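Data first, discussion second: the structure below is written as structure tokens.
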């Protein structure tokens, strides 16, 4: 027997502490309902559970994001519906009405007033349809971007000219370009074609008349000449003679305005045609020769002998304008805001409206004539006798260029990328090329915005929504004009394209909404199943824990009783000492 150490009591006390701790842990689980309250309860289970909890909370927020995205799409689609049903349909109805020639010009002006209000209404909806301050139907409200670009530009050099030949001794009088091919017409029925203005191929015209001018209308070439000669061709190679009616006058110039031709000629001749085959004679009010006619988008201007200038909005009714000169005027051109006409004695006239004309100094002597003028690449180019070529950026200040050619140049033509001039005996001059390097930094350039909806709990779980621009500019109807029949017919096609675009956008937004609803349903199912999995790891089994609690309580009580007995064992040693 020993009295210095009561090992039995120590062991019993240790058991009592362990049972007490187990009872406390079980009570904590029963009171919280969780199996894992501290990392020590189940370190691996805690790590797995916390990852699941992050996923669950992320899925809950993603479902809220999806609902916001659906609301945004519904607002955008409603705005598109208002534009389509209330505005574009009415706009098309007005265009069809205005295309009917039972209406007067005053009627169409009244229709145009309503058109302006409808376009304002479309812009109002497009610019103000938004969700949480985000513009939905006007892409110009997207994020600004900055770009820096370096471009190598090749542009016509009107100070340098290269000489070529058509391979024919006939003189080119007029040029036309169909986007791929030049056609030039000239004396004795000569016709040549070229892809670049440098190498030419002769074609058979079937006439010996001098051909003075040629025009391309988008589907066919029409050439005109002396004795009322008119030829048509779809390819510039095969030509068909057409009748100019009873006209036997020389025809010097021809122009197409988008729906009809106007041709002018000797003794005040003016002819009109819708197809280039059937021609009608119109009254010009003059017997002077008319050499050229140009269309500026709203009116024709014809020029001729003795400073004659005529204007017309339809090609049939003509008004004489005051030119202020007695020089013969051979050609006129339009640069988008100003006419310029050239003629004998180095005459140059300019006008912004076709009615009031101002004389400019060409820098040439009074014995030198200017026979042709055209505009392109921000420059007027005029040509004439003695190989003269003069250029101007504004039509007022002119510079004489060295053409390297000394004979008469009869015509100059801009094809969109280079000037071409025709001279005596088949000579062709082509403007040189100037290469420049341009570095451009662009800021505040708006691009069509993309919205990304976070529809999942993890990185990359995004849904892309492509917004659109349905302002009148975005729909291509900003400039529609119903004040005349031709523009009204053109407007119908433009409005049809706008309707097609809006329908396409509505369909796209509808598809977005359906996709988001499917994603929302899947996310909800995912959350439910993941929550069930997390519950199996984290939640306490109350029945099991209650059984454990009862067990630990009994063990604690037993430990307490045995500790009392163990503490009394050293007392037995005292009996031996008595």
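In full-length UniProt numbering, the protein residues as written are 1 to 578. We put the CB at the ideal spot given by N, CA and C, even for glycine. Since the model is a prediction, treat every value here as computed from it, not as a measurement.
Beta-bridge partners of residue i, as assigned by DSSP
{"i": "residue 421", "result": "412 and 429"}
{"i": "residue 376", "result": "379"}
{"i": "residue 588", "result": "Look at the range of the chain in this structure, 1 to 578, and you will see that residue 588 is not part of it."}
{"i": "residue 463", "result": "453"}
{"i": "residue 174", "result": "185"}
{"i": "residue 162", "result": "430"}
{"i": "residue 104", "result": "DSSP output for residue 104 lists no bridge partner at all."}
{"i": "residue 240", "result": "232"}
{"i": "residue 157", "result": "432"}
{"i": "residue 50", "result": "For residue 50, which the question treats as bridged, DSSP gives no partner whatsoever."}
{"i": "residue 130", "result": "135"}
{"i": "residue 34", "result": "539"}
{"i": "residue 225", "result": "211"}
{"i": "residue 384", "result": "370"}
{"i": "residue 203", "result": "191"}
{"i": "residue 282", "result": "270"}
{"i": "residue 560", "result": "Paired residues: none, contrary to the question."}
{"i": "residue 587", "result": "This structure leaves residue 587 out entirely; the chain is present only between 1 and 578."}
Among the options, the one whose alpha carbon lies nearest that of residue i
{"i": "residue 400", "options": "285, 408, 382 and 419", "result": "382"}
{"i": "residue 553", "options": "9, 17 and 11", "result": "17"}
{"i": "residue 487", "options": "109, 252 and 157", "result": "109"}
{"i": "residue 413", "options": "116, 51, 98 and 431", "result": "431"}
{"i": "residue 240", "options": "277, 13 and 225", "result": "277"}
{"i": "residue 170", "options": "178, 161, 189 and 183", "result": "189"}
{"i": "residue 323", "options": "317, 343 and 336", "result": "343"}
{"i": "residue 274", "options": "286, 360, 327 and 259", "result": "259"}
{"i": "residue 375", "options": "91, 418, 26 and 410", "result": "418"}
{"i": "residue 90", "options": "496, 318 and 313", "result": "496"}
{"i": "residue 72", "options": "181, 311 and 513", "result": "513"}
{"i": "residue 261", "options": "267, 246 and 282", "result": "282"}
{"i": "residue 160", "options": "196, 396 and 391", "result": "391"}
{"i": "residue 473", "options": "304, 123, 86 and 28", "result": "123"}
{"i": "residue 307", "options": "299, 271, 347 and 335", "result": "347"}
{"i": "residue 467", "options": "247, 380, 129 and 365", "result": "129"}
{"i": "residue 245", "options": "272, 234, 256 and 266", "result": "272"}
{"i": "residue 470", "options": "54, 46, 76 and 21", "result": "76"}
{"i": "residue 317", "options": "425, 284 and 67", "result": "284"}
{"i": "residue 397", "options": "49, 349 and 112", "result": "349"}
{"i": "residue 325", "options": "296, 297, 36 and 359", "result": "359"}
{"i": "residue 165", "options": "353, 425, 516 and 558", "result": "425"}
{"i": "residue 385", "options": "361, 411, 378 and 36", "result": "411"}
{"i": "residue 167", "options": "197, 180 and 549", "result": "197"}
{"i": "residue 255", "options": "247, 238, 243 and 218", "result": "218"}
{"i": "residue 51", "options": "505, 518, 530 and 559", "result": "530"}
Residues of its chain near residue i, where Cβ-Cβ distance is below 6 Å and the 5 sequence neighbours each way are ignored
{"i": "residue 141", "result": "Its pLDDT being 46, under 50, residue 141 is placed unreliably by the model, and nothing is read from it."}
{"i": "residue 463", "result": "453 and 455"}
{"i": "residue 269", "result": "249"}
{"i": "residue 223", "result": "185, 211, 214 and 231"}
{"i": "residue 351", "result": "339 and 357"}
{"i": "residue 183", "result": "176, 193, 214, 221 and 236"}
{"i": "residue 172", "result": "184, 186 and 422"}
{"i": "residue 112", "result": "482 and 483"}
{"i": "residue 555", "result": "19"}
{"i": "residue 345", "result": "327 and 366"}
{"i": "residue 264", "result": "253, 270, 290, 293 and 302"}
{"i": "residue 99", "result": "485, 488 and 489"}
Nonlocal neighbours in the same chain, by C-beta distance under 8 Å from residue i, ignoring five residues either side
{"i": "residue 546", "result": "30"}
{"i": "residue 24", "result": "none"}
{"i": "residue 286", "result": "268, 304, 308, 310 and 320"}
{"i": "residue 86", "result": "121"}
Same chain only: Cβ atoms within 7 Å of residue i, ignoring 5 sequence neighbours per side
{"i": "residue 405", "result": "163, 387, 423, 427 and 429"}
{"i": "residue 475", "result": "498 and 501"}
What are the complete beta strand (DSSP E) segments, minimum 3 residues, inside the region 287-358? Segments of the beta strand (DSSP E) lying fully in the region 287-358: 290-295, 300-304, 309-312, 319-321, 329-334, 339-343 and 348-351.
So does the region 73-83 actually touch the region 546-563, counting three or more Cβ pairs closer than 8 Å? Touching, no, given that fewer than three Cβ pairs across the two stretches are closer than 8 Å.
Are three or more beta carbon pairs between the region 368-384 and the region 322-333 nearer than 8 Å? Taking 8 Å as the limit for Cβ pairs, the verdict is that the region 322-333 does touch the region 368-384.
Meets three-Cβ-pair contact criterion under 8 Å: the region 235-251 and the region 291-304: By the Cβ rule, the region 235-251 does not count as touching the region 291-304, because fewer than three pairs are nearer than 8 Å.
Which full runs of the alpha helix (DSSP H) of 4+ residues lie inside the region 468-544, going along the chain? With a minimum length of 4 residues, the continuous alpha helix (DSSP H) runs that stay inside the region 468-544 are 472-475 and 485-538.
Under 8 Å: do the region 55-62 and the region 90-98 share three or more Cβ pairs, one atom per stretch? They do not touch, by the three-pair rule.
For the structure I just gave you, are there three or more beta carbon pairs, one from the region 206-213 and one from the region 171-180, closer than 8 Å? The answer is yes - the region 171-180 touches the region 206-213, with three or more Cβ pairs under 8 Å.
For the 8 Å Cβ check, are there 3 or more pairs between the region 226-235 and the region 194-213? Inter-segment contact for the region 226-235 and the region 194-213 is present: three or more beta-carbon pairs are separated by less than 8 Å.
Are there three or more Cβ pairs, one per stretch, closer than 8 Å when the region 7-15 is compared with the region 534-550? No, the region 7-15 does not touch the region 534-550.
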